[in-house]
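Input: a single structure, listed below in structure tokens.
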Amino acid sequence: MKLPTARTGIGNGKVEGGVAAPINYSVPDGWTVTLGPQLDVLADFDGRGRHLGVTGLVNIAKQFGQFTLYNEIWTNQNFDPTGTVRQYSYDIALAWLPHPTLQIDVGLNIGLNRNTPDVVSYIGISTRF
Numbered sequence: 000m001k002l003p004t005a006r007t008g009i010g011n012g013k014v015e016g017g018v019a020a021p022i023n024y025s026v027p028d029g030w031t032v033t034l035g036p037q038l039d040v041l042a043d044f045d046g047r048g049r050h051l052g053v054t055g056l057v058n059i060a061k062q063f064g065q066f067t068l069y070n071e072i073w074t075n076q077n078f079d080p081t082g083t084v085r086q087y088s089y090d091i092a093l094a095w096l097p098h099p100t101l102q103i104d105v106g107l108n109i110g111l112n113r114n115t116p117d118v119v120s121y122i123g124i125s126t127r128f
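Note that numbering that gives the first Met the number 0 gives residue 8 to position 9 of the sequence shown, counting from 1, and the numbers run on in steps of one.
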């Protein structure tokens, strides 16, 4: 669920929500397959109604000791009445677990069509308290 907390010009001022159902399969030799279907109810661009948004991904990961390499195909379909926007990307990431409560991630998302940003890179750090 998204609540409208952003100031004008950043957010759309609307409540939106959805349901995600991640499905994860562990297979032998440190491989993992993840499916990520998601359905969203989004505010129309003109603010007068609601429409469906669909997100999906297929992720295949392999663990190598303290490292995990992720490969993913991602899509988002936004069925706004003013025009459907379809996005597709190939994503790759590397996670390093130097300590059981600390993880460092780097990743690159590569757009596969003109509606998707060409390249998005990121770095992250996560800790468990």
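Where a beta carbon is used, it is the ideal one built from N, C-alpha and C, also for glycine.
For residue i, three-class secondary structure by DSSP
i, result
"Gly-82", "coil"
"Pro-116", "coil"
"Ala-60", "strand"
"Ala-5", "coil"
One or two residues paired with residue i in a DSSP bridge
i, result
"Gly-17", "Asp-39"
"Asn-77", "Gly-52, Val-84"
6 Å Cβ shell around residue i - same chain, five flanking residues per side excluded
i, result
"Asn-11", "Ala-42"
"Leu-56", "Gly-35, Glu-71, Trp-73"
"Thr-54", "Gln-37, Asn-75"
"Val-105", "Leu-93, Ile-122"
Separation of residue j from residue i, as counted between CA atoms
i, j, result
"Arg-49", "Leu-38", "13 Å"
"Thr-74", "Gln-62", "24 Å"
"Gln-114", "Thr-126", "Correcting the residue type first, residue 114 is Asn in the shown sequence and not Gln. Distance between the alpha carbons of Asn-114 and Thr-126: 34 Å."
"Arg-85", "Ile-124", "30 Å"
"Ala-20", "Tyr-87", "19 Å"
"Trp-95", "Leu-68", "9 Å"
Unbroken beta strand (DSSP E) run spanning residue i, endpoints
i, result
"Asn-108", "101 to 110"
"Asn-11", "That residue, Asn-11, is in no beta strand (DSSP E); it is neither H nor E in DSSP."
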